[in-house]
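Using this note's numbering, read the sequence shown as starting at 532 and increasing by one per residue.
Beta carbons: idealized from backbone N, C-alpha and C, even for Gly.
Have a look at the structure below before the remarks.
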Amino acid sequence: MKNRFVKKGVIAFVAGILLNILGYMMKANEMDLYGWAMTLGTILFGIGFLLIFYSLVRKVEYQGIKEEREDAKKMNKHKLQVK
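Following this line, the structure appears as structure tokens:
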């Protein structure tokens with residue numbers, strides 16, 4: 532993975548899922564600290580999701596800027612040819 536936001540997002544996403552699974556296992560075994568594992572897992576899951584979503588938004592925005600620049604170059608080229 533090239534993008535640092537995707538990489539961090541996937542790591543946080545997977546860690547969140549694993550911590551939630553751990554929390555459910557702790558709850559099934561009647562351990563007291565399952566709530567902390569599940570809370571941290573949910574927070575990490577959310578952060579991972581947001582980072583992945585942010586990387587997609589950045590990619591779409593970059594493509595838009597790139598297209599605008601290409602259109603501007605074409606317009607400038609066309610204006611030079613008309614003169």
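Can you look up E592 in the DSSP assignment and give me helix, strand or coil?
Position 61 of the sequence shown, counted from the start, is the residue given in the question as residue 592. E592 falls in the helix class under three-state DSSP.
Cβ of G540 within 9 Å of Cβ of I596?
Within the sequence shown, residue 540 is the residue found at index 9, counting from 1. Within the sequence shown, residue 596 is the residue found at index 65, counting from 1. Against a cut-off of 9 Å, the Cβ pair of I596 and G540 comes out as no contact.
For the alpha helix (DSSP H) containing K538, name the first residue and the last one.
Against the sequence shown, residue 538 aligns to sequence position 7. Note, K538: alpha helix (DSSP H), R535 to A559.
Under the three-state reduction of DSSP, which class applies to M562: helix, strand or coil?
The residue labelled residue 562 in the question sits at position 31 within the sequence shown. Three-state DSSP puts M562 in coil, outside helix and strand.
Name the residue from L575, K533 and V537 whose alpha carbon lies nearest to the alpha carbon of N551.
Within the sequence shown, numbered from 1, the residue matching residue 551 stands at position 20. The option with the nearest alpha carbon to N551 is L575.
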